[in-house]
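Before any comments, here is the structure.
Protein chains in written order, with the numbering used here: chain A, 1 to 252; chain B, 1001 to 1237.
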């Protein structure tokens, strides 16, 4: 049996005359800690949008756990274990973190249809919410409206929502953008410590974190794969330094 | 160097909630100030208050002698405040070029010069705001503030979402702008070392109050103090 959990073959996405994804093929193995890097506008988020069904590909196929999911809507991909976070927060602004997580956990536990029951009635929902709130340092703000939360807390809530879905493959689009330096590493450690069989694909520009986290990397440039390899291979590749890393110390 | 910005006894927040308490600071022409602090300590609120986007409860803000605290937000922009908000807030239904020309004011910074700084935006100049990647939106937010030809640039996490090579370029550009063109800037950033390296002053906020104020170079060299001020030395086990 193949060890690949998520793959795409010859994936293409065109917006009019612009080819945002240019014949991309990727294989993400079980338990991967994989980083997707590349210059701004290289098509990283577009690729995530294709994999998760937010965008329909112009051409190509996507497989999750051996099943062709190319034409499934996003929510059905989530049910099958393909979960993402967004680069720009996508929260229900009027809800609180507790309400947001209770709703997500209820849905995941199959209780989403029991709309006439108060969310607090289920011990399983309460326990899971408490666990997630503590894990992401949200307990003290759990009753504030999401729009009142500091930016870093909003990022943490995004991540907590994703984990509430118990993903098999987790796609993180710049998860620590806006999170203070001291909390970034901790957040990434939480992700790195996910069960070994959960695969994680990370888009991030903080190279200190990327090189600590990733075991393998893909570099996208102008929608196409420039190169793939270990972090050491990528760091030493002069083409990657030229188009992406530069030659200075950009993040402190 | 002549004083450009003076903030005195500033208290501000949202509605009845007071987030900032008794903040005092001053900035000379051509100076950069690194505004640091943990999450939720009032950094963005201070930037928003200078830009006129919060409720000011007490205190005064003067820019070049002009009493900003008496002016609405758009008049503060006209008085010389260029603001790059944390969530970018570009005009999504306008093209890149329109985003720049809609707000441009006469001065050294033109859309063409922004395209020199960010060649990627030049390639995208006919694309709508909602067709840009996150990093491209960030470049556009910075460019849009520059074409206002401000005296004071408020940059709220300007490096987020940018590729390392662009971060290096933008840091060099900010340092050059302050050194050669006399622009002043207040920068909020999650990467303190990167921003202290190009700043003259450092101010650290905690719970809406200034808990440290001094030369950026001194704070940069005192990593123990910096970690302590940013709450990094007492992380939970």
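By construction, the Cβ of each residue, glycine as well, lies at the ideal position given by its N, Cα and C atoms.
task: Flag this pair as touching only if the segment 1095-1108 of chain B and the segment 1154-1174 of chain B have three or more C-beta atom pairs under 8 Å; answer yes or no.
output: no
- prompt: Candidates B:1069, B:1208, B:1187: which alpha carbon is nearest residue 1198 of chain B's?
  reply: B:1187
task: Taking only the alpha-carbon atoms, compute the straight-line gap between residue 1005 of chain B and residue 1061 of chain B and give it to the nearest angstrom.
output: 7 Å
task: Specify whether the segment 1064-1076 of chain B and the segment 1109-1128 of chain B touch according to this definition: at least 3 beta carbon pairs, one from each stretch, less than 8 Å apart.
output: no
task: Using a Cβ-Cβ cut-off of 7 Å, state whether residue 1218 of chain B counts as contacting chain A.
output: no
- request: Just tell me which of B:1092, B:1053, B:1223, B:1091 has its CA closest to the CA of residue 1192 of chain B.
  value: B:1223
field: Distance between beta carbons of residue 173 of chain A and residue 86 of chain A, contact taken as under 8 Å
entry: 6 Å
- prompt: Opposite residue 13 of chain A in the DSSP bridges: which residues?
  reply: A:21
- prompt: Between residue 59 of chain A and chain B, is there a C-beta pair that is closer than 7 Å?
  reply: no
- request: In the DSSP assignment, find the alpha helix (DSSP H) that holds residue 183 of chain A and state where it starts and stops.
  value: 181-192
field: Any chain A beta carbon closer than 7 Å to residue 1133 of chain B
entry: yes
field: Cα-Cα separation, residue 192 of chain A to residue 96 of chain A
entry: 27 Å
message: On the CB-based measure, 16 or more other CB atoms within 10 Å of its CB, does residue 73 of chain A come out buried or exposed?
response: exposed
Simplified DSSP state of residue 1199 of chain B, which is helix, strand or coil: coil
Presumed contact (8 Å Cβ cut-off) between residue 1048 of chain B and residue 1041 of chain B, rounded CB distance: Contact flag wrong, Cβ pair sits at about 14 Å.
- prompt: To the nearest angstrom, how far is it from the Cα of residue 237 of chain A to the Cα of residue 228 of chain A?
  reply: 10 Å
field: Cα-Cα separation between residue 1230 of chain B and residue 56 of chain A, rounded to whole angstroms
entry: 44 Å
- prompt: Unbroken alpha helix (DSSP H) runs of length 4 or more, entirely within the segment 76-146 of chain A: which are they?
  reply: 97-108, 123-135
query: When you compare each of B:1104, B:1221, B:1203, B:1142 to residue 1148 of chain B by their alpha carbons, which one comes out closest?
result: B:1104
message: Alpha carbons only, please: which of B:1131, B:1227, B:1168 is nearest the one belonging to residue 1094 of chain B?
response: B:1131
- request: Taking 7 Å as the cut-off, decide whether the C-beta atoms of residue 1011 of chain B and residue 1025 of chain B are in contact.
  value: no
- prompt: Who are the Cβ neighbours of residue 10 of chain A in its own chain at under 7 Å, not counting the five residues just before and after it?
  reply: 23, 25, 59, 60
message: Strictly under 7 Å for the Cβ-Cβ distance: is residue 138 of chain A near chain E by that measure?
response: Going by chain labels, chain E is absent from the structure shown, which instead holds the protein chains A and B.
message: Would you say residue 180 of chain A lies against chain B (beta-carbon separation less than 7 Å)?
response: yes
message: On a Cα-Cα basis, can you pick out the residue from B:1120, B:1028, B:1183 that is closest to residue 1162 of chain B?
response: B:1120
query: Can you give the beta carbon distance from residue 1138 of chain B to residue 1129 of chain B, rounded, assuming they're within the 8 Å contact cut?
result: With 8 Å as the limit, residue 1138 of chain B and residue 1129 of chain B do not qualify as a contact, their Cβ atoms being about 12 Å apart.
query: What residues in the segment 34-65 of chain A bring their beta carbon closer than 7 Å to a beta carbon of chain B?
result: 39, 40, 41, 45
Range covered by the beta strand (DSSP E) that runs through residue 1191 of chain B: Note, residue 1191 of chain B: premise wrong, no beta strand (DSSP E); not H, not E.
message: Against chain A, does residue 1214 of chain B count as a neighbour if the rule is that its beta carbon must be under 7 Å from one of theirs?
response: no
- request: Verify whether the separation of the beta carbon atoms of residue 81 of chain A and residue 197 of chain A is less than 7 Å.
  value: no
- prompt: Under a three-way DSSP split, which group does residue 1221 of chain B fall into?
  reply: helix
Alpha-carbon spacing of residue 251 of chain A relative to residue 93 of chain A, whole angstroms: Confidence at residue 251 of chain A is low in this model, with a pLDDT of 45, below 50, so the placement of that residue should be treated as unreliable; the coordinate-derived value is given next. The straight-line gap from Cα to Cα measures roughly 31 Å.
query: Where are the beta strand (DSSP E) runs, 3 residues long or more, that stay fully inside the segment 1050-1117 of chain B, in chain order?
result: 1055-1063, 1081-1084
Three CB pairs or more closer than 8 Å across the segment 105-119 of chain A and the segment 157-167 of chain A: yes
field: Completely contained beta strand (DSSP E) runs for the segment 199-244 of chain A, where each covers 3 or more residues
entry: 199-203, 216-221, 224-229
message: Check whether chain A comes within 7 Å of residue 1160 of chain B, counting only Cβ atoms and requiring the distance to be less than that.
response: yes
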